[in-house]
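Quick notes on the structure that follows.
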DNA sequence: TCGATGCGTTGCGAAGGATGCAACAGTCAT
DNA sequence: ATGACTGTTGCATCCTTCGCAACGCATCGA
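Chains as they are written, first to last, in the numbering used here: chain A, 53 to 305; chain B, 53 to 305.
Structure follows, in structure tokens:
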């Protein structure tokens with residue numbers, strides 16, 4: 053809607069592919085060099101773009117700062133984390149927390165068996181949206197038309213023989229997930245990794261996030277992992293209650 | 053330099069503090085609601101901003117994607133990682149890799165003892181720039197005026213009794229670090245944590261990155277940690293050589 | 001040593017786009 | 001039902017951005 057801003061923001065994904073010099077940026081944008089220069093300068097002032105010694109531009113540090121702050125301020129994450137940590141304390145496996153946003157699923161928290169570490173390493177990468185347990189949970193709750201549209205647009209990479217093959221199978225799986233209120237990924241992404249997940253719901257019953265427990269099948273069999281389902285669901289429900297209960301009145305300032 | 057873009061980008065740090073509605077954004081920017089709306093729409097189209105169900109805006113997922121891609125494309129990181137992993141294999145402690153950028157020091161890689169994990173959790177947060185070994189290494193190599201200016205601007209939080217107290221002490225410490233070619237942080241940030249670090253240099257001899265090994269003093273004493281210094285330096289030098297050697301000719305496309 | 005080519009940078013007039021206003025629509029609370 | 005609030009739209013005005021051309025500067029080759 054705003055041409056100037058639109059152009060400026062188009063520079064970011066362009067630089068995400070790698071550093072580029074002024075001419076390259078101008079060409080890719082289809083604008084004059086001087087225009088590109090002014091846009092880059094503005095981005096630079098805000099720290100979103102950095103100029104390395106060879107004068108080429110690349111993405112800047114402020115970007116990380118923003119992403120960091122953003123994820124820290126997600127109240128679901130804040131509420132969920134203690135619950136995830138407690139569950140992890142008991143069962144010891146890796147636990148993920150994920151949300152859905154505009155056609156993408158992204159992890160916003162993770163608890164590792166050894167120590168609690170917030171690892172955002174998978175953030176931004178195309179999450180295995182067609183197979184991940186958390187993705188199924190989140191997509192299963194989308195309004196019918198949006199769900200159909202999204203399922204049609206997706207790619208269905210055959211990570212393993214057990215991966216979801218196509219939109220039809222995926223929609224069917226989502227229906228199952230919606231019915232039963234939990235989801236699995238049994239070797240659909242990596243042959244040896246199994247997951248079980250449960251949805252976290254807001255006050256209106258809509259799924260606002262999803263959590264899952266993952267473990268390699270050399271450690272626990274799929275059946276053993278499934279036996280943890282009640283605990284996973286209890287945790288998810290506890291988070292749902294707390295999230296629904298406490299009104300989000302942030303009386304700051 | 054570009055007013056429109058400047059205003060639009062100013063929205064991002066504002067939203068980083070927490071979700072805000074249209075009116076709040078407009079107020080903080082000092083512009084009319086309709087103007088703020090158009091800017092937010094543009095940000096939204098690029099995925100940098102997300103509109104939650106209560107219509108308030110917050111930072112969007114694309115931001116994570118960009119930050120992720122950006123850090124993945126840092127060639128220093130790519131080159132260094134195998135070396136860091138190898139060193140970690142031998143000595144088992146936590147290893148950090150950091151770079152300097154426009155007054156900030158940020159971690160771009162980390163290897164944990166258990167398994168290699170890229171953890172960007174500290175990115176964006178104010179790194180303990182006045183005490184961290186990697187920070188000293190990076191700042192010690194700055195041009196004199198820039199170093200002085202920066203040292204003057206910094207805060208010197210007394211994390212522990214051993215933290216760097218002020219600019220004078222810091223500049224002196226940096227001089228020492230520059231002389232000896234390595235740095236330590238002995239309980240300057242957290243009482244029980246010690247670090248030793250070494251610089252990674254480009255072809256022109258300038259410090260382009262810094263690495264460090266950290267360990268709690270309940271596991272290894274400061275002396276024991278210091279005895280690892282030769283290995284750390286060898287690793288850093290190996291990275292320097294590889295980084296300088298291979299010309300960065302990315303013959304893509 | 002000198003000219004040539006390529007890059008980033010600056011100042012300028014023109015015009016295109018962004019701005020703020022005012023009016024509208026929807027929602028919630030009273 | 002009525003009021004207040006928030007988000008939204010269309011529009012005329014003016015500011016801001018745009019592309020041009022010329023410049024400074026470095027690198028390269030003769």
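Don't be surprised by glycine CBs; every beta carbon is placed ideally from N, CA and C.
What residue 196 of chain B touches in chain A, judged by beta-carbon distance under 7 Å, is nothing: the nearest beta carbon there is about 18 Å away.
Within its own chain, the residues whose Cβ lies closer than 8 Å to the Cβ of residue 216 of chain B, once the five positions on either side in sequence are excluded, are 182, 183, 208, 222, 225 and 240, listed in chain order. Chain B has a Cβ within less than 8 Å of the Cβ of residue 102 of chain A. Buried is the label assigned to residue 288 of chain B, since at least 16 other Cβ atoms lie within 10 Å of its Cβ.
The beta carbon of residue 238 of chain A is closer than 7 Å to those of 214, 246 and 274 in its chain, skipping five residues each way along the sequence.
Shown here, residue 215 of chain B sits in coil according to DSSP, grouped into three states, outside any helix or strand. If you draw a 10 Å sphere on the C-beta of residue 121 of chain B, you find 16 or more other C-beta atoms in it, and that means buried. Taken atom to atom, the span from the alpha-carbon of residue 254 of chain B to that of residue 101 of chain A is near 22 Å. In this structure, the straight-line span from the alpha carbon of residue 164 of chain A to that of residue 56 of chain B is close to 43 Å. Counting C-beta pairs with one atom in each stretch, the segment 86 to 93 of chain B and the segment 124 to 139 of chain A have fewer than three that are closer than 8 Å, which means they do not touch. Here residue 112 of chain A is buried: its Cβ has 16 or more other Cβ atoms, across all protein chains shown, within 10 Å. Straight across, the Cα-Cα distance linking residue 228 of chain B with residue 192 of chain B is about 9 Å. Residue 58 of chain B reaches chain A at 94, 97 and 98, counting residues in chain order whose Cβ is nearer than 9 Å.
8 Å or more divides the Cβ of residue 203 of chain B from the Cβ of residue 118 of chain A. Look at residue 277 of chain B here: in three-state DSSP terms it is helix. Across the segment 267 to 291 of chain A, no CB contact with chain B closer than 9 Å is found for any residue. Residues 131 of the same chain have their beta carbon placed closer than 7 Å to that of residue 294 of chain A, with the five preceding and five following residues left out of the count.
Closest in C-alpha terms to residue 161 of chain A, from the list A/292, A/65, A/264 and A/270, comes A/264. In the three-state reduction of the DSSP assignment, residue 148 of chain B falls in the strand class. The C-alpha of residue 188 of chain B is placed about 47 Å away from the C-alpha of residue 188 of chain A. Those residues of the segment 60 to 78 of chain B placed with their C-beta closer than 9 Å to a C-beta in chain A are 60, 61, 62, 64, 65, 67, 68, 69, 70 and 71, ordered along the chain.
Using a Cβ-Cβ cut-off of 8 Å, residue 80 of chain A does not count as an interface residue toward chain B, since no Cβ of chain B sits closer than that to its own. Residue 249 of chain B is bridged by DSSP to B/235 and B/264. In the same chain as residue 72 of chain B, and ignoring 5 residues on each side of it, the C-beta atoms closer than 7 Å to its own belong to 66, 108 and 109, in chain order.
In terms of beta-carbon proximity, residue 54 of chain A lines the interface with chain B, with at least one pair separated by less than 8 Å. Fully enclosed alpha helix (DSSP H) runs of no fewer than 4 residues occupy 185 to 192 and 196 to 205 of the segment 177 to 209 of chain A, in order along the chain.
Non-local C-beta neighbours of residue 143 of chain B in its own chain, meaning closer than 7 Å and more than five positions away in sequence, comprise 265, 280 and 283, ordered along the chain. For residue 103 of chain A, the enclosing beta strand (DSSP E) has its first and last residue at 101 to 103. Beta-bridge annotation (DSSP): residue 156 of chain A is paired with A/153. Boundaries of the beta strand (DSSP E) around residue 110 of chain B: 109 to 111. At a cut-off of 8 Å, the C-beta of residue 136 of chain B has no neighbouring C-beta in chain A. Judged by their CB atoms, residue 262 of chain A and residue 251 of chain A are nearer to each other than the 8 Å cut-off. Along the segment 136 to 153 of chain A, going in chain order, the ones with a CB nearer than 9 Å to a CB of chain B are 151 and 153. A buried status is given to residue 153 of chain A, since no fewer than 16 other beta-carbon atoms sit within 10 Å of its beta-carbon. Ranked by Cα distance from residue 106 of chain A, the first of B/231, B/256 and B/272 is B/256. The alpha-carbon separation between residue 150 of chain A and residue 98 of chain A amounts to approximately 29 Å.
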